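Some notes on the structure that comes next.
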Amino acid sequence: MDHEEILQRIARTLMRRAGWVRRRALLLHALFIGLCALLVLAIWHRVNPLPISRLVELGMAAMALCAIAALAIGLRSRADAMSLLIRADRTLRLKERLSTAYELATSPHPHPLRPIVLQEAARVARSVNPFRVIPSITPRTLRWTPFLLLAIVLVLVVDFGMILPRSFMGGDERPSPTLYEQGQQLERQGKRLETEARRRGLERSMEAARRMQTLGQRLQNEKVNEREAMARINSLAEYVRNLEEELKKMAVLEDVGISKVREVMVNQASVS
């Protein structure tokens, strides 16, 4: 193997090493971008729920797209042999032996010192370590990968509505004025019913009174979803209707006014 071939071989080795390091760095960057896309998808899933299979497909598609783009960029970009040899000269302190010899070897014009320079370059080229000249460098963005994974898991698993106040989540905590007024009426009627039922020892009536008070307090303190409010009001109204005959017979609601309680139920249903 002549001296020029040795020099060309070390140049090709450095080019392969530079290409591998660049593609590795691009793939790691693509991993970071893909995880960011997954986090965005997870947040979107919490706002507008998607089927799990659809969510998985979109996540895999985002990761694959980032990886393909990184590989395409890495394959299209090629390192220059001369710049790599200059880098080797500077890293290993070879006093420009490799880069000067490569310049003379690729030059179409003859030079009297060409054989001597190539011989010296071939001698030092045998000791060149490509891993020292072009070390692998981990992108700084990779340090955020564990935090991104943790954020994705938290967004998908944890119900932040149970931890944070509604105002922090972007919702309005103030209940509807109409629902607030109806809730007050419902709570007052529930308290009066509970007093009379406790005095007469009627367990079912006390249970109905507690349910009335609980629903009334919730309508005053929370912005209840209309569908949920309708379901709760209908359930409570049905419970009160089932007790109406019993309560009338035992005169528990004579002073409370069962008709007024039912009126509250009707108003609640009409508002929702």
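The sequence shown begins at 116 in the numbering used here and counts up one residue at a time.
From the three backbone atoms N, C-alpha and C, an ideal C-beta is built for every residue, glycine too.
This structure is a prediction, so every number in the text was calculated from the model and none was measured.
- Message: Buried or exposed for E318, going by 16 or more other Cβ atoms inside 10 Å?
- Response: exposed
- Query: If you run the structure through DSSP and keep just helix, strand and coil, what is K210?
  - Reply: coil
- Query: When burial is assigned at 16 or more other CB atoms within 10 Å of the CB, is S320 buried or exposed?
  - Reply: buried
- Within the same chain, show all residues whose beta-carbon is closer than 6 Å to that of L257, passing over the 5 residues directly before and after it, in chain order. L143
- For D204, which three-state DSSP category applies? helix
- In this structure, does DSSP put V239 in helix, strand or coil? helix
- Could you check what DSSP says for S198 in three-state terms: helix, strand or coil? helix
- Task: Would you mind sorting D204 into buried or exposed? The rule is 16 or more other CB atoms within 10 Å of its CB.
- Result: Label assigned to D204: buried.
- Message: Are the CB atoms of L173 and L156 within a distance shorter than 7 Å?
- Response: yes
- So what does DSSP say about P457, is it helix, strand or coil? Since the first and last residues shown for the chain are 116 and 387, residue 457 lies out of range.
- Message: According to DSSP, simplified to helix, strand and coil, what is H224?
- Response: coil
- Task: Evaluate the contact criterion for the segment 235-252 versus the segment 117-130: three or more CB pairs, one atom per stretch, below 8 Å.
- Result: Remark: three or more beta-carbon pairs, one from each stretch, lie closer than 8 Å, so the segment 235-252 and the segment 117-130 are flagged as touching.
- Task: Apply the 10 Å Cβ neighbour rule to G316 and answer buried if 16 or more other Cβ atoms are within range, or exposed otherwise.
- Result: exposed
- Message: Out of A140, W159, Y217 and R208, which one is the CA nearest neighbour of A182?
- Response: When each option's Cα is compared against that of A182, the closest is A140.
- Query: Who are the Cβ neighbours of R127 in its own chain at under 7 Å, not counting the five residues just before and after it?
  - Reply: none
- Task: Look at L228 and A133 and say whether their C-beta atoms are less than 7 Å apart.
- Result: no
- Item | Heavy atom of the ligand SAM within 6 Å of L170 beta-carbon | Among the ligands in the structure shown, none appear at all, so the ligand SAM cannot be discussed.
- Message: Among the candidates L190, E296, A312 and F246, whose CA atom is the shortest distance from the CA of L334?
- Response: E296
- Query: For V136, which of L186, Q304, R307 and L180 has the nearest alpha-carbon?
  - Reply: L186
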